[in-house]
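A.B. asks:
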Amino acid sequence: MRLVLRGHEPRWLAPVLVLLAAVITFVLTAGPIRAAGASPVAAYQRYLLTPLTSFRSFSEVLLASTPLLFTGLAVALAFRTGFFNIGAEGQFLAGAVAATWVGIGVPDLPGPVAIPLVIAAGALAGALWVAIPAVLRVRYGIDEVVTTLLLNPVALLVVQGLLNGPWRNPVSQFPESAEIGSGFIFPTVIPGTRVHLGFVLAIGLAVVVWLVVGRTGTGLRMRAVGLAPTAARFNGVPVERTLLGTALASGAIAGIGGVSQVAGLQHQLTGEISPGFGYTGIVVATLAALTPIGVILVSLLLATIQVGAESASRVLQLPPQMGQVVTATFLLVTVGILVLRRYRIRIRRPSRTSEVPS
Amino acid sequence: MIGLADLATATLVGATPLLFAATGEVITERAGILNLGIEGTMYAGAFTGFLVAANTGSPWLGLGAAVIAGMLAGALMGLLSVTLGVNQHVAGIGITLLLIAASDFANRLLFSGGSLTQIDKFGLLFPDTPVLSQYLLTYLGFLVVVPAAAWMLWRSGFGLRVRAVGENPEATDAAGVPVARTRYAALILGAALMAVGGAFITLAMVGTFTLNIIGGRGWVAIALVIFGRWRVVPAMLGALLFAGVDALQLQLAITEAFAAVPRELLIATPYLVVIVALALSGRNVAYPGAYLKPYRRT
Chain A
1 MRLVLRGHEP RWLAPVLVLL AAVITFVLTA GPIRAAGASP VAAYQRYLLT PLTSFRSFSE
61 VLLASTPLLF TGLAVALAFR TGFFNIGAEG QFLAGAVAAT WVGIGVPDLP GPVAIPLVIA
121 AGALAGALWV AIPAVLRVRY GIDEVVTTLL LNPVALLVVQ GLLNGPWRNP VSQFPESAEI
181 GSGFIFPTVI PGTRVHLGFV LAIGLAVVVW LVVGRTGTGL RMRAVGLAPT AARFNGVPVE
241 RTLLGTALAS GAIAGIGGVS QVAGLQHQLT GEISPGFGYT GIVVATLAAL TPIGVILVSL
301 LLATIQVGAE SASRVLQLPP QMGQVVTATF LLVTVGILVL RRYRIRIRRP SRTSEVPS
Chain B
359 MIGLADLATA TLVGATPLLF AATGEVITER AGILNLGIEG TMYAGAFTGF LVAANTGSPW
419 LGLGAAVIAG MLAGALMGLL SVTLGVNQHV AGIGITLLLI AASDFANRLL FSGGSLTQID
479 KFGLLFPDTP VLSQYLLTYL GFLVVVPAAA WMLWRSGFGL RVRAVGENPE ATDAAGVPVA
539 RTRYAALILG AALMAVGGAF ITLAMVGTFT LNIIGGRGWV AIALVIFGRW RVVPAMLGAL
599 LFAGVDALQL QLAITEAFAA VPRELLIATP YLVVIVALAL SGRNVAYPGA YLKPYRRT
C-alpha cells in the first residue's frame, strides 16, 4: 500500500475526511471517557448538542467563542503570510495589561471616548509585543517561532508582577487589579446575556480580514509572500514590509482579544485572564484552513465543546479537561487525515510483472 | 551575601531538566524536525513518572514509565510529521495541548486534581558534600548523556545518518539510508530524553505532581537548541547559563539590595537573556538543511 499524488481533488473529499476525523476522534476518546465512568454518547451529546439547545447556554457559547475568534484570526492572518506567530498568547496578555492600565489609570472617562481608547491601547500593546520578533525576523532572519514563543512566559510574568506589585487589589489584597472605570466596560449586545461588544468586534474584524486578504492588492501580496516569498520578491512585492505589517496586524488583533476579555467579561485583570487562548488560536486557525469564515465556525465549535465540557463536568462528573483532550485529538486527527486530500491510496498488487518492462 | 556553593548546587539541579530536554531536541532537529511537542512530552513524562512512582513506591519504575510515555509521544510526532508530512508547528503544538490536557484529565481522575500525594523521590548522592550533593540523574545527564549524545551525533554511523536525513533527505535516500526510519528513531530517542527531563522534576526536584509543573521549560529548551547551534555541548552550556541566572534571581530576591526589584522581573531575565543572545548571535544561523521539510519520494 502506498500514497500516490492525486491530480485533482474532488469537492466532496475534504468534508468527508473531516467527518471521518470526527468519527475517529469519538472512537479514540471513548475509552478515557468510559474510564471516567461516563457514557461516551452521553458525553458527546453534552459537548456538541446540549449547549445549543437553550438560549442561555447558546449565549454562553458566543461568549466563550469571543477570545478564540480574536486569537484564531490573529494566527490565521500571520500564518497566511508565512509569519509563524506562536506568540498570540503573549500578545493577548499584552492587550489585557494595556486595557487595565488605561481602565484604572483614567477611570472617569465616558464611554464614547473610553471604549475606542481602550481598544487602540490594546491593539498597540499587542503590536508592540510582536514587534521585536517581527523586526528580528525581517532584519536578521531570526526564526520567529522561538522568539514569539519565548515572549509568552515573559508576558505572563509581567501580568503576575503587576498583580503582585503595583496593581494588587487595595481592598481584597488578592493578586487581581481594581475594577476598570465603568465607561470602559463593553456593553452587552444581546439583552439578558453576557455576550458583549467584543463578540461583534471580533466578527467585524473577521469580515475586514476576509475583505483585505481576499479582495485587495495588499491581500494578494500577503498571500504571495506566504506561498512563495522568492517568487513574490522577483515580482516586486516588498516582502519584508508585507511580513512586518502582517505581523503587527496579527499582534494587534490578539491584543484587542485581551482588551475584550478584560473590558467585556472580567472587568479587571487576573492571573488567569488567559487559559491558553493564544495556543488554542493555533488550533482554531489550522482547523479553519487559515480562512476568516473558518475561524468563525471553528471558534463556535470549540466554544460549544468548552461550554459542554463544563456541563458534562457538573452532570456526568467527567473532568472538564476532557473537552481539551477532545479538541486536541480532533486537531491532530484532522490535520493527519487531510493529507489524504492530495494523495490517493494505491494498493500495490503482489505481482508486479505488468509494471516491469520486458 | 550570596552563597556560591548554594548557587552552584541550585544551578546544576535547575539545569538538569533543560539539559535532557535540549539534548533530545538537538537530536530531533538534527534529523530535520522541529518538535514543539516538547513541552507536552515533558509534562507527560512528569505525570507518568509521578503516577507510576506513586503506585509502586519506586522512582526507578516511574522513570521507566516516563521513558515509555516519551517514546510514544515521539512516535506520534513521527506519524504526523514523517509519515503524513503535516505542518510541524501545528503537529507539535497539537501534541503539547493533547498531552497536557490528557495528563491533567488523568490527574483529576486518579488523584482528585488537588493531589499532594508525596512519592519516595530519588535520594541525593554525596548528601553532605557541598555542590557535589546531587541526584544521580544530574550526574548521568552531564557526565553520560551529553558526551554520549555528542559522540553519537558526530562519531557514530547512526548520528551521521540522522544529520544526513536532516540536511539532505533526497541524497541520503539515494545513498540507501531509510529516511523515515532514521527520523522516527531520532524522534523517539529525543522524546524519551525530553520525558526524562520532565520526570526529573516530579521524581527528584519536587516529589509530587502539580498543574503547570513544566512551566515553559520545554520552550526554553527549544531556545537553547538554537542558542547552541544544534550542538549538544553548547546547548548544555546554555542550560547552565539559564539555570544559573534563575538560581541567581532566587538568591538575589532574598538579599536586601534587591528586595525592591519585583521577583517576576528577575524570573523573566533568563528568557530575555536567551532572546538577546539570539538577537546578537542568531544572525545567519545555519539551520539544518531540511528543517521543517517533510520528505516523500517522488
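Chains A and B supply the protein sequences, listed in that same order. Residues in the first sequence are numbered from 1 upward in steps of one, following this note's numbering. Residues in the second sequence are numbered from 359 upward in steps of one, following this note's numbering. No residue lacks a Cβ here, since even glycine has one placed at the ideal position from N, Cα and C.
Thinking just about the alpha-carbon of each residue, which of A:V23, A:P292, A:V195, A:G236 is nearest to the one in A:G330?
C.D. replies: By 1-based counting over the first sequence, the position of residue 330 of chain A is 330. Contrary to the premise, residue 330 of chain A reads as Phe rather than Gly in this sequence. Cα-wise, what sits closest to A:F330 is A:V23.
A.B. asks: With 8 Å as the limit, tell me which residues of the stretch 622-641 of chain B have their beta carbon closer than that to any beta carbon of chain A; keep them in chain order.
C.D. replies: If the cut-off is 8 Å between Cβ atoms, the stretch 622-641 of chain B has E622, L623, I625, A626, Y629, L630, V632, I633, L636, A637, G640, R641 near chain A.
A.B. asks: Just checking my contact of B:A605 with B:L365 at CB under 8 Å: how many whole Å lie between their CB atoms?
C.D. replies: Taking the second sequence and counting its residues from 1, the one referred to as residue 605 of chain B is at position 247. Taking the second sequence and counting its residues from 1, the one referred to as residue 365 of chain B is at position 7. Yes, they are in contact, since the Cβ atoms of B:A605 and B:L365 sit about 5 Å apart, within 8 Å.
A.B. asks: From what residue to what residue does the beta strand (DSSP E) around A:I345 run?
C.D. replies: Against the first sequence, residue 345 of chain A aligns to sequence position 345. Per DSSP, A:I345 belongs to the beta strand (DSSP E) from 343-346.
A.B. asks: If you count every other CB in all the chains shown that lies within 10 Å of the CB of A:H8, and 16 or more means buried, which is it?
C.D. replies: Numbered from 1 along the first sequence, position 8 holds the residue referred to as residue 8 of chain A. So A:H8 ends up on the exposed side.
A.B. asks: With 16 other CB atoms within 10 Å as the buried threshold, where does A:R137 fall?
C.D. replies: Against the first sequence, residue 137 of chain A aligns to sequence position 137. Looking at its Cβ environment, which holds 16 or more other Cβ atoms inside 10 Å, A:R137 is buried.
A.B. asks: How long is the line joining the alpha carbons of A:A285 and B:Q609, rounded to whole angstroms?
C.D. replies: As a first step, residue 285 of chain A is located in the first sequence; it is residue number 285 there, counting from the start. As a first step, residue 609 of chain B is located in the second sequence; it is residue number 251 there, counting from the start. Approximately 42 Å between the Cα atoms of the pair.
A.B. asks: Please name the residue or residues paired with A:T327 in a DSSP beta bridge.
C.D. replies: For the purposes of this step, residue 327 of chain A is taken as residue 327 along the first sequence, with counting starting at 1. DSSP output for A:T327 lists no bridge partner at all.
A.B. asks: Does A:P170 come within less than 7 Å of chain C when only Cβ atoms are used?
C.D. replies: No chain C is present in this structure, whose protein chains are A and B.
A.B. asks: Roughly how far, in whole angstroms, is the beta-carbon of A:P15 from the beta-carbon of A:F26, given that I think they are within contact range, below 8 Å?
C.D. replies: Walking along the first sequence from the start, residue 15 of chain A turns up at place 15. Walking along the first sequence from the start, residue 26 of chain A turns up at place 26. With a Cβ gap of about 17 Å, A:P15 and A:F26 do not count as contacting.
A.B. asks: For B:A459, would you say it is in contact with chain A, using Cβ-to-Cβ distances shorter than 7 Å as the test?
C.D. replies: Position 101 of the second sequence, counted from the start, is the residue given in the question as residue 459 of chain B. It does; some Cβ of chain A falls within 7 Å.
A.B. asks: In chain order, what residues of the same chain have a beta carbon less than 7 Å from the beta carbon of B:S461, not counting five sequence neighbours either side?
C.D. replies: Taking the second sequence and counting its residues from 1, the one referred to as residue 461 of chain B is at position 103. Answer for B:S461: Y401, A402, F405, listed in chain order.
A.B. asks: Counting only C-beta atoms, is A:I293 closer than 7 Å to chain B at any point?
C.D. replies: Numbered from 1 along the first sequence, position 293 holds the residue referred to as residue 293 of chain A. Answer no: the Cβ-Cβ gap between A:I293 and chain B never drops below 7 Å.
A.B. asks: If you measure from the beta carbon of B:V603 to each beta carbon in chain A, is any gap under 7 Å?
C.D. replies: The residue you call residue 603 of chain B lines up with position 245 of the second sequence. Not closer than 7 Å to any Cβ of chain A, the Cβ of B:V603 fails to qualify, so no.
A.B. asks: Check A:H8 in the structure and name its three-state DSSP category.
C.D. replies: Translated into positions along the first sequence, residue 8 of chain A becomes position 8. Reduced to three states, the DSSP call for A:H8 is coil.
A.B. asks: Would you check if there are 3 or more beta carbon pairs closer than 8 Å linking the stretch 233-249 of chain A to the stretch 158-168 of chain A?
C.D. replies: Segments in contact, no.
A.B. asks: Between the Cα of A:H94 and those of A:L290, A:S274, A:I345, spot the shortest distance and give me the residue it belongs to.
C.D. replies: Indexing the first sequence from 1 puts residue 94 of chain A at position 94. One detail in the question is off: residue 94 of chain A reads as Ala in this sequence, not His. Nearest C-alpha to A:A94: A:S274.
A.B. asks: So, is the C-beta of B:F378 closer than 7 Å to a C-beta in chain A?
C.D. replies: Within the second sequence, the letter at position 20 stands for residue 378 of chain B. It does not: the Cβ of B:F378 has no partner Cβ on chain A nearer than 7 Å.
A.B. asks: By the 8 Å beta-carbon criterion, what residues does the stretch 155-187 of chain A contribute toward chain B?
C.D. replies: The residues in question are L157, V158, Q160, G161, N164, G165.
A.B. asks: Excluding the 5 residues flanking A:I293 on each side, which residues of the same chain have their C-beta closer than 8 Å to its C-beta?
C.D. replies: Taking the first residue of the first sequence as 1, we reach residue 293 of chain A at position 293. So the qualifying residues of the chain are A206, W210.
A.B. asks: Indicate the three-state DSSP secondary structure (helix, strand or coil) for A:T270 in the structure shown.
C.D. replies: For the purposes of this step, residue 270 of chain A is taken as residue 270 along the first sequence, with counting starting at 1. A:T270 falls in the strand class under three-state DSSP.
A.B. asks: In angstroms, rounded to a whole number, what distance separates the CA positions of B:L434 and B:L457?
C.D. replies: Looking up residue 434 of chain B in the second sequence gives position 76. Looking up residue 457 of chain B in the second sequence gives position 99. Looking at the two C-alpha atoms, the distance is approximately 11 Å.
A.B. asks: Going along the stretch 501-533 of chain B in order, which residues come within less than 7 Å of chain A, judged by CB to CB distance?
C.D. replies: For the stretch 501-533 of chain B, which is checked against every Cβ of chain A, not one residue is closer than 7 Å.
A.B. asks: Taking Cβ-Cβ distances shorter than 7 Å, what residues in chain B pair up with A:A36?
C.D. replies: For the purposes of this step, residue 36 of chain A is identified with residue 36 of the first sequence, where counting begins at 1. Correct list: L467.
A.B. asks: Compare the C-beta of B:K651 with all C-beta atoms of chain A and state if any pair is closer than 7 Å.
C.D. replies: For this step, residue 651 of chain B is matched to residue 293 along the second sequence. Taking Cβ atoms only, chain A never reaches closer than 7 Å to B:K651, which makes this a no.
A.B. asks: According to DSSP, which residues form a beta bridge with B:Q492?
C.D. replies: As a working mapping, residue 492 of chain B is identified with position 134 in the second sequence. BP columns for B:Q492 point to B:L483.
A.B. asks: Should A:E144 and A:F84 be called a contact, given that it needs their Cβ atoms to be closer than 7 Å?
C.D. replies: Numbered from its first residue, the first sequence carries residue 144 of chain A at position 144. Numbered from its first residue, the first sequence carries residue 84 of chain A at position 84. For A:E144 and A:F84, yes; Cβs fall inside 7 Å.
A.B. asks: Count the other C-beta atoms from every protein chain shown that fall within 10 angstroms of the C-beta of A:P357, then say buried if there are 16 or more, exposed otherwise.
C.D. replies: For the purposes of this step, residue 357 of chain A is identified with residue 357 of the first sequence, where counting begins at 1. Because A:P357 carries a pLDDT of 47, less than 50, the predicted location of this residue cannot be relied on, and the following value inherits that uncertainty. Flag for A:P357 reads exposed.
A.B. asks: Residues of the stretch 538-549 of chain B with a CB closer than 8 Å to any CB of chain A: list them in chain order, please.
C.D. replies: So nothing in the stretch comes that close.
A.B. asks: How far does the alpha helix (DSSP H) with A:N85 in it extend, from its first residue to its last?
C.D. replies: Translated into positions along the first sequence, residue 85 of chain A becomes position 85. Counting along the chain, A:N85 falls outside any alpha helix (DSSP H), and DSSP gives it neither H nor E.
A.B. asks: Give a yes or no on whether 7 Å exceeds the smallest Cβ distance from A:A14 to chain B.
C.D. replies: For the purposes of this step, residue 14 of chain A is taken as residue 14 along the first sequence, with counting starting at 1. So, not an interface residue.
A.B. asks: Could you compute how far the alpha carbon of B:M359 sits from the alpha carbon of B:K479?
C.D. replies: Counting from 1 along the second sequence, the entry for residue 359 of chain B is found at position 1. Counting from 1 along the second sequence, the entry for residue 479 of chain B is found at position 121. Because the pLDDT of B:M359 is 46, which lies under 50, any placement of that residue in the model is unreliable, and the question is left without a value.
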